[in-house]
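K.L.:
This is the structure I have questions about; it appears just below.
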Amino acid sequence: VFGDSTSVIHQFTSQCVSKNSLMKSYKHGVWDMIEVCDAFNIQVIPRVKNKDVDRLATIGSQYDIPQDIKKGLD
743 VFGDSTSVIH QFTSQCVSKN SLMKSYKHGV WDMIEVCDAF NIQVIPRVKN
793 KDVDRLATIG SQYDIPQDIK KGLD
């Protein structure tokens, strides 16, 4: 996972407490998905270099997770 916001990255790596309820739900959803992965890496990318990252984030946020995978995360 690549990101340009250190505050968001710190929330996902538990270096910062998520106070926003939407961010909390995203964080829990991400950690549920991570549990089924063999490996996972989070990397901060400077905003100057984030055009590709931003495009990928937009695509990823529009992706519907198939129901059978969602059930496995519950």
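The sequence shown begins at 743 in our numbering and counts up by one. For every residue, glycine included, the Cβ atom is placed at its ideal position computed from N, Cα and C. Here the structure is a predicted model, which means the values were calculated and not measured.
Pairing CB atoms from the region 750 to 767 with CB atoms from the region 778 to 797, are three or more of them under 8 angstroms?
P.N.:
Touching, yes, given that three or more Cβ pairs across the two stretches are closer than 8 angstroms.
K.L.:
How many Å lie between A799 and T755 at the Cα?
P.N.:
Roughly 18 angstroms separates the two Cα atoms.
K.L.:
In this structure, how does DSSP classify Q785 when only helix, strand and coil are distinguished?
P.N.:
Note: Q785 maps to strand in three-state DSSP.
K.L.:
Just checking my contact of S760 with K769 at CB under 8 angstroms: how many whole Å lie between their CB atoms?
P.N.:
Confirmed, Cβ separation roughly 5 angstroms.
K.L.:
Nearest-angstrom Cα distance between V790 and S803?
P.N.:
Between V790 and S803, the C-alpha separation is close to 21 angstroms.
K.L.:
Strictly by DSSP, which residues pair up with G745?
P.N.:
Paired residue(s): V786.
K.L.:
Hey, quick one: how far does the alpha helix (DSSP H) through D766 stretch, first residue to last?
P.N.:
In the sequence as presented, Asp is not what sits at residue 766; that position holds Lys. Run containing K766: 763 to 776, per the alpha helix (DSSP H) assignment.
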